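Numbering (UniProt numbering), first residue to last: 1 to 419.
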């Protein structure tokens, strides 16, 4: 039998109301001490302001020390928005639009999420309430101006870095790598680490593979550059290819692909590079360094089958799978291997296949049809032709969102988007 429970009405007195739950958001973009003092002052100011209002209750003062262009690493903003989602914040105070975001799209998304929950954000400098729909365009314009300011700053920084490269600024030439330290404005060899570097080069020239060198270092209880007992294959490859070990320096090896995302990209020639010969005393002679580079190139010509076995040398291609000897992971340097998944042929990084996804987190799985479409367009004038590819292509470096086709003609390459 159904039972009915009566919930009596709560007594209500005229003028009774619930206190407004208020938060504040602050942000600085650098680690400079002066800005940290500013952040501390902002947090104290908002804490006192909210607590001094008898109609408000302080939820928290949230803050970040990150760029305003991106929200991915801004834990303070994320925590505040999560409390908004849970219905625990009614009102937010902030200094200005640029403190919330210097990205117009992100700003629009944030204020609309707040509006969906009935939460108002007050921008003190602009004297704007986000809950007012008529002011939305003013907020977006303010964010767009802040974004443009960030773009101009990024361009100025880039120009300044270029000038420093062109003049060979010491601060750029003195960045130490494993085997060196910086003393009295000079790169100085560290004997113990230098001996390890020499051993790596000598082992490679003696015929050892990168994997065998890795095992030797670990079995000899030699710590990696990051002071770990395990050496990464990619670390050894970087040492073998680093020009600093012969006394030279290459500047501008990477660049910021987009000021909005802040992502770095490898500079294969898309931007100017600057090579400084004889910058410091090397650990390895130029002759040995060049022999290693030649050996790296020679080994790249060796054909490896799907089981990892060498099937011939001297010919750069396997008769069975052309792509298997072209595709290289841009993250770890491993070859790509062919698989059939759900009825489709795909290519996957060898390190990821052997050690699991976490071993090479940024590698992508390629659909064979898609890679053939790209090669047809970029190399074969629209029609996929393996003969043409054999005659023109040396290797294909695979990255998260793009591939770089390196041609046999020295210095020629083409960047193609995967999406």
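Virtual Cβ for every residue (Gly too), placed ideally from N, Cα, C.
Note that the coordinates shown come from a computational prediction; the quantities given were computed from them, not determined experimentally.
- Going by DSSP, residue 397 is part of the beta strand (DSSP E) stretching over 393-398.
- Residue range 97-100 is occupied by the alpha helix (DSSP H) that includes residue 99.
- For residue 250, the enclosing beta strand (DSSP E) has its first and last residue at 249-251.
- Assignment of residue 272 by DSSP, reduced to helix, strand and coil, places it in the coil class.
- By the neighbour-count criterion, in which 16 or more other beta carbons inside 10 Å mark a residue as buried, residue 281 falls on the exposed side.
- According to the DSSP assignment, residue 230 belongs to no beta strand (DSSP E), since it is labelled neither H nor E.
- Taking C-beta atoms as the reference points, residue 194 and residue 140 fail to come closer than 8 angstroms.
- Between residue 240 and residue 201, the C-beta gap is smaller than 8 angstroms, which places the two residues in contact.
- Going by DSSP, residue 60 is part of the beta strand (DSSP E) stretching over 56-65.
- Here residue 402 carries a strand assignment [DSSP, helix/strand/coil].
- With contacts defined as CB atoms closer than 8 angstroms, residue 231 and residue 224 qualify as a contacting pair.
- With at least 16 other beta carbons inside 10 angstroms of its own, residue 101 counts as buried.
- Contact check for residue 389 against residue 404 fails: the beta carbons are separated by 8 angstroms or more.
- For residue 280, the three-state secondary structure derived from DSSP is coil.
- Beta-bridge partners of residue 336 (DSSP): 349.
- The C-beta separation of residue 366 from residue 398 comes to about 7 angstroms, placing the pair in contact by the 8 angstroms criterion.
- If you look at residue 321, you'll find it isn't in any beta strand (DSSP E); DSSP assigns it neither H nor E.
- DSSP lists 406 as the bridge partner or partners of residue 413.
- When 95, 83 and 99 are compared, the shortest CA-CA separation from residue 113 is found for 83.
- Of the candidates 402, 409 and 407, the residue whose Cα lies closest to the Cα of residue 417 is 402.
- Boundaries of the alpha helix (DSSP H) around residue 78: 75-85.
- Residue burial is scored here from C-beta neighbours: residue 4 has fewer than 16 other C-beta atoms within 10 angstroms and is therefore classed as exposed.
- Looking at the DSSP output, residue 26 shares a beta bridge with 63.
- In this structure, DSSP gives residue 216 a helical state, which the three-state scheme calls helix.
- The segment 343-356 and the segment 380-387 do not touch, with fewer than three beta-carbon pairs separated by less than 8 angstroms.
- Residue 74 and residue 64 have their C-alpha atoms roughly 6 angstroms apart.
- In the structure shown, residue 185 adopts coil according to DSSP, grouped into three states.
- Apart from the 5 residues on each side of it in sequence, residue 208 sits with its Cβ closer than 8 angstroms to the Cβ of 216 in its chain, given in chain order.
- The residue among 290, 249, 263 and 293 with its C-alpha nearest the C-alpha of residue 273 is 249.
- The segment 111-126 and the segment 89-96 touch, with no fewer than 3 CB-CB distances between them shorter than 8 angstroms.
- Counting every other CB atom within 10 Å of its CB across the protein chains shown gives residue 243 a total of 16 or more, marking it as buried.
- Remark: C-beta atoms of residue 153 and residue 174 do not approach each other more closely than 8 angstroms.
- For a cut-off of 8 angstroms, the C-beta gap from residue 99 to residue 27 is around 5 angstroms, short enough to register as a contact.
- Residue burial is scored here from C-beta neighbours: residue 19 has fewer than 16 other C-beta atoms within 10 angstroms and is therefore classed as exposed.
- The Cβ atoms of residue 57 and residue 23 lie no closer than 8 angstroms to each other.
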